Ligand SMILES: NC(=O)c1ccc[n+]([C@@H]2O[C@H](COP(=O)([O-])OP(=O)(O)OC[C@H]3O[C@@H](n4cnc5c(N)ncnc54)[C@H](O)[C@@H]3O)[C@@H](O)[C@H]2O)c1
């Protein structure tokens, strides 16, 4: 079997995790790291390039897997797509303008891109199940739990889940207000009538629970990422899928057959 050759953009926690995942994927070969902020020439036995042009002058990957920073991905995407190199992008925080440009560039060049804000297959399934349940319940709350160094709250995944739940039922959820909230904010935030609660604690990784409430019953859906390796099956699935794509796909849903 011919191996899929990749370059790993980013040598941080996720980039290193991608390298580890490729070590046990017999059909994927990592050629190099590309990281403008790295001071290393070599890491994990691979060369480390600091700029995309010199990287792609020496290495001819079929796919670049990017886990870096939204400031870097646009430059990487431009350099990759013009060389017919496909992209799997996990970096978060992109502007709408960049996403629109990337979608157009990918389609016009006929070069596949998979961009997913969450590569954990369980988290993608959780959102899919939540959309199903949303049609049958009028009230719901989301509790998202992350490590204490996460800079934003609520998580992007929690916001997207709430939005998709409201879209699926075609209207906002119903949420009663509390007459006497003796400590401010204890009812949490709210999107489309869905209550949102963000918990930040050392020891946590990434977790999300959705509780639906109805007449005489509740339904609880929960997903736990207990380590960064939880993202890797999704990253590998996207890498296999992107080879035969000629446009950009956002999210893992279609790759997992959930649409
Ligand atoms: N899609 C998902 O499922 C998923 C999961 C986890 C993390 N992420 C995202 O992946 C990205 C990386 O996460 P991480 O935990 O590996 O972070 P990290 O801080 O450990 O590593 C970041 C890497 O990006 C590089 N980098 C940082 N700023 C840069 C810049 N301005 N230009 C070029 N390179 C830069 C650093 O050198 C480093 O190699 C983040 O955007 C994070 O939100 C996505």
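Numbering (the working numbering), first residue to last: 65 to 323. Using N, Cα and C, we set each Cβ at its ideal position, and we do this for glycine too. All values reported here derive from a predicted model rather than from experimental measurement.
Inset, instruction - Report the rounded CA-to-CA distance for residue 305 versus residue 244, giving the unit in angstroms. - result: The residue you call residue 305 lines up with position 241 of the chain shown. The residue you call residue 244 lines up with position 180 of the chain shown. Those two C-alpha atoms are separated by around 52 Å.
Legend entry - Residue span of the beta strand (DSSP E) that contains residue 69, given as start and end: Within the chain shown, numbered from 1, the residue matching residue 69 stands at position 5. Here the beta strand (DSSP E) through residue 69 covers 68 to 73.
Inset, instruction - Please indicate yes or no: does the CB of residue 99 lie closer than 6 Å to some heavy atom of ligand 1? - result: Locating residue 99 in the chain shown gives position 35, where the first residue counts as 1. Yes, the beta carbon of residue 99 sits closer than 6 Å to at least one heavy atom of ligand 1.
Legend entry - Coil, strand or helix - residue 76 by DSSP: Stepping through the chain shown from its first residue, residue 76 is reached at position 12. Coil, per DSSP.
Inset, instruction - Look up residue 106 in the DSSP assignment and give the residues it is bridged to. - result: By one-based count along the chain shown, residue 106 stands at place 42. 111.
Inset, instruction - Hey, could you find the ends of the alpha helix (DSSP H) residue 137 is sitting in? - result: As a working mapping, residue 137 is identified with position 73 in the chain shown. Counting along the chain, the alpha helix (DSSP H) containing residue 137 begins and ends at 137 to 145.
Inset, instruction - Name, in chain order, the residues that DSSP records as bridge partners for residue 205. - result: Position 141 of the chain shown, counting from 1, holds the residue named residue 205. Answer by DSSP bridge pairing, in chain order: 259, 275.
Inset, instruction - Note the first and the last residue of the continuous beta strand (DSSP E) segment covering residue 165. - result: Stepping through the chain shown from its first residue, residue 165 is reached at position 101. Segment 160 to 173 is the alpha helix (DSSP H) holding residue 165; no beta strand (DSSP E) there.
Inset, instruction - Could you name the residues of the same chain whose beta carbon sits closer than 8 Å to that of residue 78, not counting the 5 residues immediately before and after it, in chain order? - result: To locate residue 78, count along the chain shown from 1; it is residue 14. Result list for residue 78: 131, 154, 292, 295, in chain order.
Inset, instruction - Using only alpha-carbon positions, find the residue among 188, 168, 156 that is nearest to residue 179. - result: In the chain shown, the residue the question calls residue 179 occupies position 115. Of the candidates 188, 168, 156, the one whose C-alpha sits nearest the C-alpha of residue 179 is 156.
Legend entry - Cα-Cα separation between residue 91 and residue 206, rounded to whole angstroms: Translated into positions along the chain shown, residue 91 becomes position 27. Translated into positions along the chain shown, residue 206 becomes position 142. Spanning the two alpha carbons is a distance of roughly 39 Å.
Inset, instruction - Give the secondary structure of residue 89 by DSSP, where H, G and I count as helix, E and B as strand, and everything else as coil. - result: Taking the chain shown and counting its residues from 1, one reaches residue 89 at position 25. In this structure, residue 89 counts as coil in the three-state DSSP scheme.
Inset, instruction - Could you say which of 127, 99, 121, 142 lies nearest to residue 133 if we only look at CA atoms? - result: As a first step, residue 133 is located in the chain shown; it is residue number 69 there, counting from the start. Closest option to residue 133, Cα to Cα, is 99.
Inset, instruction - Sort 81, 172, 165, 279 by Cα distance to residue 139 and report the nearest one. - result: The sequence position of residue 139 within the chain shown is 75, counting from 1. It is 165.
Inset, instruction - Find the nearest neighbour of residue 196 within the set 289, 226, 219, judged by alpha-carbon distance. - result: Sequence index remark: in the chain shown, residue 196 carries index 132 (1-based). Measuring from the Cα of residue 196, the nearest candidate turns out to be 226.
Legend entry - Exposure of residue 266, with buried meaning 16 or more beta-carbon neighbours within 10 Å: Working through the chain shown from its first residue, we reach residue 266 at position 202. With fewer than 16 other Cβ atoms inside 10 Å of its own Cβ, residue 266 counts as exposed.
Inset, instruction - Report yes if the CB atom of residue 116 is closer than 7 Å to the CB atom of residue 210, and no otherwise. - result: Along the chain shown, read from residue 1 onward, the residue named residue 116 stands at position 52. Along the chain shown, read from residue 1 onward, the residue named residue 210 stands at position 146. Not in contact: residue 116 and residue 210 (Cβ atoms no closer than 7 Å).
Legend entry - Closer than 6 Å: residue 294 CB and nearest ligand 1 heavy atom: In the chain shown, the residue the question calls residue 294 occupies position 230. Residue 294 Cβ: outside cutoff for every heavy atom of ligand 1.
Legend entry - 8 Å contact criterion, which residue 114 and residue 102 should meet: CB distance rounded: By one-based count along the chain shown, residue 114 stands at place 50. By one-based count along the chain shown, residue 102 stands at place 38. The pair is a contact, with the Cβ atoms about 7 Å apart (cut-off 8 Å).
Inset, instruction - Please classify residue 135: is it buried, with 16 or more other beta-carbons within 10 angstroms of its beta-carbon, or exposed? - result: Translated into positions along the chain shown, residue 135 becomes position 71. Answer is exposed; the Cβ neighbour count stays below 16.
Inset, instruction - Determine the contact status of residue 128 and residue 71, defining contact as a CB-CB distance below 7 Å. - result: Along the chain shown, read from residue 1 onward, the residue named residue 128 stands at position 64. Along the chain shown, read from residue 1 onward, the residue named residue 71 stands at position 7. Yes; because the gap between Cβ atoms is below 7 Å, this pair is in contact.
Inset, instruction - Compute the Euclidean distance between the alpha carbons of residue 192 and residue 144, then round it to the nearest angstrom. - result: For the purposes of this step, residue 192 is taken as the residue at position 128 of the chain shown. For the purposes of this step, residue 144 is taken as the residue at position 80 of the chain shown. The straight-line gap from Cα to Cα measures roughly 32 Å.
Inset, instruction - Please report how far the alpha carbon of residue 239 lies from the alpha carbon of residue 257, in whole angstroms. - result: By one-based count along the chain shown, residue 239 stands at place 175. By one-based count along the chain shown, residue 257 stands at place 193. Using only the alpha carbons, I get a separation of about 6 Å.
Legend entry - DSSP beta-bridge partners of residue 282: Sequence index remark: in the chain shown, residue 282 carries index 218 (1-based). In DSSP, residue 282 forms a bridge with 277.
Legend entry - Local Cβ density within 10 Å of residue 279, reported as buried at 16 or more and exposed below that: Start at 1 with the first residue of the chain shown, and residue 279 comes out as number 215. Residue burial is scored here from C-beta neighbours: residue 279 has fewer than 16 other C-beta atoms within 10 angstroms and is therefore classed as exposed.
Inset, instruction - Hey, could you find the ends of the alpha helix (DSSP H) residue 189 is sitting in? - result: The sequence position of residue 189 within the chain shown is 125, counting from 1. Counting along the chain, the alpha helix (DSSP H) containing residue 189 begins and ends at 185 to 198.
Inset, instruction - Please confirm whether any heavy atom of ligand 3 lies closer than 6 Å to the CB of residue 111. - result: In terms of ligand content, the structure shown lacks ligand 3 and carries ligand 1 instead.
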